[in-house]
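First up is the structure itself, then whatever we jot down about it.
Numbering (our numbering), first residue to last: 43 to 438.
The structure is reproduced here in structure tokens:
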């Protein structure tokens with residue numbers, strides 16, 4: 043229960059959600075660990091993990107009961123396995139007001155990091171090429187939000203997709219690969235555009251090949267493969283880009299694609315870095331360079347606050363794009379190139395309020411709310427923000 047309790051504590055701490063209005067839930071679908079099944083002190087369900095129709099029926103029953111007991115609930119999906127996370131979100135998001143923080147929150151924070159870095163350099167996302175190491179749900183979720191932002195900046199859908207170079211276990215994803223997954227297809231590079239590349243192995247176009255030939259300015263890692271952002275890759279990026287944007291997002295630290303101190307050294311202190319695990323500062327020569335952490339806590343408390351205030355019936359992806367845009371406005375790096383890409387956590391209560399107001403406004407305007415007017419939306423949000431203060435007691 044530590045994860046749902048911890049998440050809800052952050053809703054209270056930063057989003058101002060009253061703790062009495064929160065409920066941590068853990069869905070126990072069994073375990074395939076034989077030691078736990080034989081342990082008399084194990085508190086979980088002592089049967090193998092349920093799968094297939096049994097699993098789906100169980101989730102159906104859960105959603106039915108929650109919807110009946112709490113018809114105005116906001117449900118946050120958290121820590122579901124890769125085969126279940128996206129299908130569950132797609133299946134239930136129109137049946138119950140819900141979102142998946144691992145997919146949508148992670149993508150929003152990564153988008154905010156990139157927008158912050160580009161804003162500091164007076165650059166636009168639509169003008170960038172992006173390489174992503176990892177073609178799973180996390181990488182595709184981030185890429186989807188980046189595509190939507192590029193379209194908002196004026197690119198066509200086809201132009202936006204063409205800006206991406208996604209590398210998975212089969213190498214660069216292109217339209218001649220037989221192993222391409224459905225969600226990867228829009229991002230597949232046209233093989234005719236890359237067949238002239240001189241590569242070591244034409245059957246496996248590596249990340250190093252991509253960086254050398256495509257010259258992306260932005261590099262993201264969601265592969266959980268440590269030390270895959272190698273010195274040649276970083277040095278190549280630093281050779282054609284004054285300030286490359288590099289996000290080794292896999293966690294824990296032991297799974298990160300690179301160590302921030304190595305990225306700093308290989309880029310001669312010029313790379314803009316955000317990580318998936320805490321890093322804080324890296325000493326370099328006579329400087330101390332701050333490292334931002336792409337932590338979902340920058341987004342989900344404010345998003346939840348806005349959804350609750352608006353009494354939303356549905357959570358569209360535009361909510362997270364709006365949150366990312368607002369968060370990027372608070373980047374200290376915009377005013378100081380040597381500052382962090384993310385604001386201090388001490389500012390997060392005010393940032394969450396700002397996000398909450400704009401999320402509520404968007405939901406009302408889009409018709410995904412039981413509220414009919416955006417008039418007084420700030421007061422609406424402020425009215426539900428809880429502060430941990432004792433009530434005043436008077437003696438009679």
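Backbone N, C-alpha and C define an ideal beta-carbon position, used for all residues, glycine too.
- Here residue 344 is buried. Its C-beta has 16 or more other C-beta atoms within 10 Å.
- Judged by beta-carbon spacing, residue 46 lies beyond the 8 angstroms limit of residue 54, meaning their Cβ atoms are not closer than that value.
- Two segments are said to touch when three or more pairs of C-beta atoms, one from each, lie closer than 8 angstroms; by this definition the segment 352 to 362 touches the segment 393 to 407.
- In the structure shown, the three-state DSSP call for residue 119 is strand.
- Here residue 107 is exposed: its Cβ has fewer than 16 other Cβ atoms, across all protein chains shown, within 10 Å.
- With contact defined as three or more Cβ pairs closer than 8 angstroms, the segment 111 to 122 and the segment 294 to 309 are not in contact.
- Looking at the DSSP output, residue 142 sits in a beta bridge with 119.
- Contact annotation: residue 382 and residue 332 have beta-carbon atoms nearer than 8 angstroms.
- With fewer than 16 neighbouring CB atoms inside 10 Å of its own CB, residue 282 falls in the exposed class.
- Here residue 421 is exposed. Its C-beta has fewer than 16 other C-beta atoms within 10 Å.
- Contact check for residue 249 against residue 175 passes: the beta carbons are separated by less than 8 angstroms.
- A contact is defined here as three or more CB-CB pairs under 8 angstroms, and the segment 374 to 381 meets this definition with respect to the segment 154 to 163.
- For residue 183, there is no enclosing beta strand (DSSP E); the enclosing alpha helix (DSSP H) covers residues 179 to 194.
- Within 10 angstroms of the beta-carbon of residue 423 lie 16 or more other beta-carbons, which makes it buried.
- Note on the segment 234 to 288: whole alpha helix (DSSP H) runs with a minimum of 4 residues are 249 to 256, 273 to 282, in chain order.
- Between residue 182 and residue 146 a beta carbon distance of about 12 angstroms is seen, past the 8 angstroms cut, so the two are scored as non-contacting.
- Secondary structure note for residue 210: its beta strand (DSSP E) is the uninterrupted segment 206 to 210.
- In this structure residue 285 does not touch residue 321 by the C-beta definition: roughly 18 angstroms separates them, more than the 8 angstroms allowed.
- In this structure, the straight-line span from the alpha carbon of residue 143 to that of residue 180 is close to 11 angstroms.
- Around the beta-carbon of residue 258, 16 or more other beta-carbon atoms lie within 10 Å, marking it buried.
- In the DSSP annotation of this structure, the continuous segment of the beta strand (DSSP E) that includes residue 173 starts and ends at 172 to 175.
- Residue 207 is not a Cβ neighbour of residue 153, given a cutoff of 8 angstroms.
- Of the candidates 136, 43, 329, 329 places its Cα closest to the Cα of residue 379.
- Taking all protein chains shown into account, residue 251 has 16 or more neighbouring C-beta atoms within 10 Å of its C-beta and is therefore buried.
- For the set 304, 340, 341, the Cα lying nearest the Cα of residue 324 is the one of 304.
- Separation of residue 172 and residue 59 (C-alpha to C-alpha, rounded to the nearest whole angstrom) is 37 angstroms.
- No Cβ-Cβ contact shorter than 8 angstroms links residue 365 with residue 339.
- Around the beta carbon of residue 89, fewer than 16 other beta carbons sit within 10 angstroms, so the residue counts as exposed.
- In this structure, the CA atom of residue 280 is about 34 angstroms from the CA atom of residue 124.
- Counted as a single uninterrupted DSSP element, the beta strand (DSSP E) harbouring residue 334 occupies residues 329 to 335.
- Here residue 101 carries a helix assignment [DSSP, helix/strand/coil].
- Where residue 134 is concerned, there is no enclosing beta strand (DSSP E), although the alpha helix (DSSP H) around it starts and stops at 124 to 134.
- Taking 8 angstroms as the cut-off, the Cβ atoms of residue 368 and residue 426 do not count as close.
- Contact check for residue 401 against residue 361 passes: the beta carbons are separated by less than 8 angstroms.
- DSSP places residue 326 in the uninterrupted beta strand (DSSP E) bounded by 322 to 326.
- DSSP places residue 202 within a helical segment (H, G or I) once states are collapsed to three.
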